[in-house]
Amino acid sequence: MLVDGYTYAHEHTTIDLSSLKKTEDTNLNLFDETVEEYKKLYDKGVRNVIDVTVRGMKRNPDYVRQVAEASGMNILQSTGWYQDKFLPDYIETKSVSELADMMIKDIKEGLDGTEVKASLIGEIGTSKNEMTGRERKVFEAAVLAHKETGVPITTHTTLGTFGKEQVAFFKSKDMDLSRVVIGHVDLTGDVDYVLDLLKEGVFVEFDTVGKENYMPDMTRVEMLKRIEKEGYTDKVFLSMDITRRSHLEAKGGMGYAYLLDSFVPLMKENGISDRFIEKMLKENPNTFYS
Ligand SMILES: [Zn+2]
351 MLVDGYTYAH EHTTIDLSSL KKTEDTNLNL FDETVEEYKK LYDKGVRNVI DVTVRGMKRN
411 PDYVRQVAEA SGMNILQSTG WYQDKFLPDY IETKSVSELA DMMIKDIKEG LDGTEVKASL
471 IGEIGTSKNE MTGRERKVFE AAVLAHKETG VPITTHTTLG TFGKEQVAFF KSKDMDLSRV
531 VIGHVDLTGD VDYVLDLLKE GVFVEFDTVG KENYMPDMTR VEMLKRIEKE GYTDKVFLSM
591 DITRRSHLEA KGGMGYAYLL DSFVPLMKEN GISDRFIEKM LKENPNTFYS
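Just so we're aligned: 491 in our numbering is position 141 of the sequence shown, and the numbers increase by one with no gaps anywhere.
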């Protein structure tokens, strides 16, 4: 459940991808610095962070709960698995229903033996331009867990690829597409592609705001402008997907507040309405996560 206020829809309070990325920078576990930044967000009206950290990213539900307590932020936590290269070997040996049961347990009983219950499934992911067999298994299990519990599904697309195939997959499973959000669609740089997704009825995330090495923010703004012009303002969320120590202000990065302090003004200057901005930050996530 969300608290009344702004929502960052795709973040990782703590995440460790260093086993594959081979740099300690991708082991984000700076408790005090993160609490400081979440407090700063709170002062700017942010009340919710959707934490999409799943198994294989060294998720740590108790750590996240402590950050929530220390910062006042409402943080929703998640269950599931990520894209292929981060999947554990047992994805192959366990059945789809066994994998679903693991997620259902996280949702109904608590994550990793804690009292914290998962409020969402994902980010479950596909690789660049493909859905591997193991990823398909995770997606199948996620649909079962969703149908059993009703919690929504959030996805990872690698650089925005395979969003349409993800939607086709969920359609083939008779999923209610308004219970699915497709992640990282801003990285396509292709607004027609994103509009096609929106026309199917899914939610989408512009969740890598500020990552200009992947996509200039002006491209994000131009895409959002078109989306507003076409009238698809009800199903878009915003976030930054901060995953590295060097993204934090204390480490010289842009920090979580960049979205509100820089990207929101950039949207306004370029003609995106206050109304649409409010919807992306508040009403749309409220609809999805209530
Ligand atoms: Zn992702």
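Built from N, CA and C at the ideal position, the CB exists for glycine as well.
CB-CB length for L426 against I454, believed under 8 Å: Incorrect: roughly 17 Å between the Cβ atoms, too far for contact.
Identity of the residues DSSP links to G643 by a beta bridge: What the structure shows of the chain is the stretch from 351 to 640, and residue 643 is not part of that stretch, so it cannot be assessed.
Minimum C-alpha distance to H362 - residue among L352, N379, A492, T511: The shortest C-alpha separation from H362 is found at N379.
Beta-carbon gap between V559 and R570 smaller than 8 Å: Contact: yes.
Any 3 or more C-beta pairs closer than 8 Å across the segment 469-488 and the segment 434-445: Three or more Cβ pairs drawn from the segment 469-488 and the segment 434-445 lie within less than 8 Å of each other, which places the two stretches in contact.
Coil, strand or helix - V501 by DSSP: Note: V501 maps to coil in three-state DSSP.
Extent of the continuous alpha helix (DSSP H) to which E328 belongs: Because residue 328 is not part of the residues shown, which for the chain are 351 to 640, the question remains open.
Beta carbon of H534 nearer than 8 Å to that of D557: In this structure, H534 lies near D557, with their beta-carbon atoms less than 8 Å apart.
Residue of Y392, K579, K521 minimising C-alpha distance to T357: Residue Y392 is the option with its Cα nearest to T357.
C-beta contact flag for H496 and I471 at 8 Å: With contacts defined by Cβ atoms closer than 8 Å, H496 and I471 form a contacting pair.
Cross-strand partners of T429 (DSSP beta bridge): Beta-bridge pairing by DSSP links T429 to I471.
Top-ranked residue by Cα proximity to K390, from G422, I622, T364, M525: Closest option to K390, Cα to Cα, is G422.
Chain-ordered list of residues that sit, by beta carbon, closer than 6 Å to a heavy atom of ligand 1: Output, sorted by chain position: E473, H506, G533, H534.
The segment 536-556 touching the segment 512-526, judged by at least three CB pairs closer than 8 Å: The segment 536-556 makes contact with the segment 512-526, as at least three CB pairs between them are under 8 Å.
Distance CB(L449)-CB(V402) smaller than 8 Å: Remark: C-beta atoms of L449 and V402 do not approach each other more closely than 8 Å.
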